[in-house]
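Enquirer: Before I ask anything, let me first share the structure, which is written out below as structure tokens.
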Amino acid sequence: MITLLTDFGWQDGYVGVMKGVIWGINPNVQIVDLSHDIAPQDIDAAAFVLKISYPYFPKDTVHVVVVDPGVG
32 MITLLTDFGW QDGYVGVMKG VIWGINPNVQ IVDLSHDIAP QDIDAAAFVL
82 KISYPYFPKD TVHVVVVDPG VG
């Protein structure tokens with residue numbers, strides 16, 4: 032299982048591209064969208080969402096967080 036947490040939003044294709052790359056590597060992996068609505072460049076908000084979310088996922092879950100404070 033892989034979770035995705037980003038500040039990408041849903042207005043463009045970036046989330047879909049990221050999922051396509053993951054499924055290109057492993058078409059059987061389950062992907063969970065934690066959120067793509069983190070405020071742009073808000074590392075603290077992303078850290079909070081990850082902190083409250085990760086305990087509810089299986090031990091071997093991979094958590095992908097993409098929030099870049101230098102973009103925008």
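The numbering used here numbers the first residue of the sequence shown as 32 and each following residue consecutively. In this text, a Cβ means the ideal position worked out from N, Cα and C, and glycines have one as well.
In this structure, what does DSSP give as the bridge partners for S66?
Expert: L36, per the DSSP bridge assignment.
Enquirer: Pick from A77, V60 and I33: whose alpha carbon is nearest that of H67?
Expert: Cα-wise, what sits closest to H67 is A77.
Enquirer: Three or more C-beta pairs closer than 8 Å, one from the segment 38-57 and one from the segment 79-91: is that the case here?
Expert: The segment 38-57 vs the segment 79-91: no contact.
Enquirer: Once you ignore the five residues that flank P100 on each side, which residues in its own chain have a CB closer than 8 Å to its CB?
Expert: Excluding residues within five positions, the ones whose Cβ falls inside 8 Å are Q72 and I74.
Enquirer: Could you name the residues of the same chain whose beta carbon sits closer than 8 Å to that of I69, not counting the 5 residues immediately before and after it, in chain order?
Expert: Closer than 8 Å at the Cβ level, and outside the excluded window around I69, lie L36, T37, D38, A76, A77, V80 and V98.
Enquirer: DSSP beta-bridge partners for V95?
Expert: V95 is bridged to L35.
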